[in-house]
Amino acid sequence: MIPASFDYEVAESPAHAISLLAEHGEDAKLLAGGHSLLPMMKVRLAQPAVLVDIARVTELSGIRLEGDEVVIGATTRHAEVAGSSLLQAEAPILAYAAAQVGDPQIRHRGTIGGSLAHADPAADLPMTLLALGGSVEITGPTGTRVVGVDDFFVGPFESALQPDELLTAVRVPRGGSVRWGYQKFVRRANDWAIVGVAVYDGRVALASMGGTPLRASATEQALRSGASIEEAAALAADGTSPGYDFHADAEYRAHLARVLTRRALEGKTG
Amino acid sequence: MEIKLTVNGVTRSDEVEPRLLLIHYLRETLDLRAANIGCDTTSCGACTVLLDGESVKSCTMLAVQANGRSVTTAEGLVAADGTMSVVQQAFRENHGLQCGFCTPGMVMASTSLLAENPHPSEQEVREGLEGNFCRCTGYHNIVRSVLAAADTLSPPGSSAGSAPTDATAGGAVRKSA
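Just so you know, the protein sequences line up as chains A and B, in that order.
Mapping of the first sequence onto our numbering: residues 1 to 270, in sequence order.
Mapping of the second sequence onto our numbering: residues 271 to 447, in sequence order.
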């Protein structure tokens, strides 16, 4: 499968990338690792006229501490997030989640910013960022803005990111000692979650339970009111709207959400 | 556009369409046929090659993205005198292949895995090859091959295995000119 023709531009800086986006308008797409975009282009679900390659902009990559946050550059690859001793110490759930994405080859190419911008409701990192309560740094023609993760995912494969904007970094709270859990239910190797649950400090996020990654609000509320893990987990599917496919129907997904939420609240991974 | 890159130790310069996939560049422009096109959807790993020593799926990469970088295919693991790499030799000795279609990808993924983790457990080998499918289901001997290669490259207890190595260390990748 071969993508439709496009022009290829290499951005030399974030400002250059933004000016290229401004020049080419909605026909342009940003390319980093290409592990969400290229598969879509190969089956012609995406046919951008121009690709702006941001993978060579060194300042968009890297992991650093900034006050009480860890800042991860948008083009930092999953393998780097997974292997980061800084993240393993300060936000271990994010390092763990990055190691669950796809397979080693995919983690050598795919980037954290690309995964979040793609906004797949079944993916590991959107769910994990939602549990962490982090934020996303976005730069556009009019300047830089920071969007809290609760406002970032707005629909299936749709985020608050505008076509003329560049996601530059992800910010997550430092919390090396915060209790967390992570559950991803798959039938096949290197697949997306049939249902996923990420728990961090009383925040419970679900994957594949609706059009966006979702907070399990009823579970969180119950925990705040002093409910047991078992009682709170029983509410995990409340207010969700899971779809169905050949792996699972909606009722089964709801069941999985309750079971996996209990395990995640118990601090289990897997 | 023009790309310049190193493929199996040889510097190349070619005019390519931006939409040309790396796997097509390797197989059709350079006539390097070891990497196969299997699923063409980033799943099966038959097209795995090394990019600067790290395993990648060349069906999900544009040739222009490899501009200025170093690509290694299974052909590039073989020394000029025809000697196979330790990983290739281990696959041969342990019968780590049946039909052979997945083998070049398996060998490249294993080479990358051993560079990152010189002493993998059996479980780590299985998880490390998660991105490579063998439709003959010959996984047992493939895992055996990788464990044997690990022992050869850095014998248990040897100093060679105590430090992280790059893909060229210990003969995992042989560069041929």
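Don't be surprised by glycine CBs; every beta carbon is placed ideally from N, CA and C.
Extent of the continuous alpha helix (DSSP H) to which residue i belongs
i	result
D421 (chain B)	409-423
V348 (chain B)	Element bounds for V348 (chain B): n/a, residue is neither H nor E.
E251 (chain A)	250-265
A15 (chain A)	14-24
V356 (chain B)	356-363
S313 (chain B)	Taken as a continuous stretch (DSSP letters only), S313 (chain B) belongs to no alpha helix (DSSP H), as it is neither H nor E.
K42 (chain A)	37-42
S217 (chain A)	217-224
Distance, residue j Cα to residue i Cα
i	j	result
W192 (chain A)	M1 (chain A)	22 Å
H24 (chain A)	D53 (chain A)	14 Å
P39 (chain A)	G427 (chain B)	43 Å
A442 (chain B)	T381 (chain B)	Note on A442 (chain B): pLDDT 42, under 50, position unreliable in the model; no value is reported.
A419 (chain B)	V357 (chain B)	5 Å
V146 (chain A)	L161 (chain A)	11 Å
T343 (chain B)	L292 (chain B)	11 Å
E272 (chain B)	N337 (chain B)	9 Å
L167 (chain A)	L21 (chain A)	13 Å
D436 (chain B)	E386 (chain B)	Because D436 (chain B) sits at a pLDDT of 44, beneath the cut-off of 50, its placement in the model cannot be relied upon, and the following sentence gives the value as read from the coordinates. In a straight line, the C-alpha of D436 (chain B) is about 7 Å away from that of E386 (chain B).
A46 (chain A)	F157 (chain A)	13 Å
H294 (chain B)	G175 (chain A)	45 Å
S217 (chain A)	V71 (chain A)	27 Å
G408 (chain B)	P104 (chain A)	20 Å
L275 (chain B)	R224 (chain A)	57 Å
I307 (chain B)	L290 (chain B)	14 Å
L130 (chain A)	L265 (chain A)	16 Å
T144 (chain A)	I138 (chain A)	6 Å
D27 (chain A)	H389 (chain B)	47 Å
Y96 (chain A)	A79 (chain A)	10 Å
K327 (chain B)	S5 (chain A)	21 Å
T128 (chain A)	T212 (chain A)	12 Å
R263 (chain A)	V170 (chain A)	27 Å
E400 (chain B)	Q100 (chain A)	11 Å
Within-9 Å CB hit, residue i to chain A
i	result
N364 (chain B)	no
E272 (chain B)	no
E285 (chain B)	no
P390 (chain B)	no
M376 (chain B)	no
A304 (chain B)	no
V334 (chain B)	yes
H410 (chain B)	no
N278 (chain B)	no
V357 (chain B)	no
A419 (chain B)	no
V326 (chain B)	yes
D351 (chain B)	no
R289 (chain B)	yes
Contact with chain B by residue i, beta-carbon distance below 9 Å
i	result
A198 (chain A)	no
K29 (chain A)	no
I93 (chain A)	no
D53 (chain A)	yes
F6 (chain A)	yes
G34 (chain A)	yes
D103 (chain A)	yes
H24 (chain A)	no
I2 (chain A)	yes
H108 (chain A)	yes
K268 (chain A)	no
Paired residues, beta bridge with residue i - DSSP
i	result
Q183 (chain A)	A:V197
D284 (chain B)	B:I273
T381 (chain B)	Answer is none; T381 (chain B) lacks a bridge partner.
P173 (chain A)	A:E69
T269 (chain A)	A:Y182
L214 (chain A)	A:L206
Terminal residues of the beta strand (DSSP E) in which residue i lies
i	result
T318 (chain B)	318-321
K327 (chain B)	324-327
I2 (chain A)	Careful: I2 (chain A) lies outside any beta strand (DSSP E) and carries neither H nor E.
I63 (chain A)	63-66
E274 (chain A)	Any property of residue 274 (chain A) remains undetermined from this structure, which presents chain A solely from 1 to 270.
T342 (chain B)	340-342
R203 (chain A)	203-207
E9 (chain A)	7-10
A28 (chain A)	28-31
V50 (chain A)	50-53
Closer than 8 Å: residue i CB and nearest the ligand NAD heavy atom
i	result
P388 (chain B)	Because no ligand of any kind appears in the structure shown, any question about the ligand NAD cannot be addressed here.
Secondary structure, beta strand (DSSP E): runs of 3+ residues fully inside the stretch 99-167 of chain A: Counting only runs of 3 or more, we get 135-140, 143-148, 153-155.
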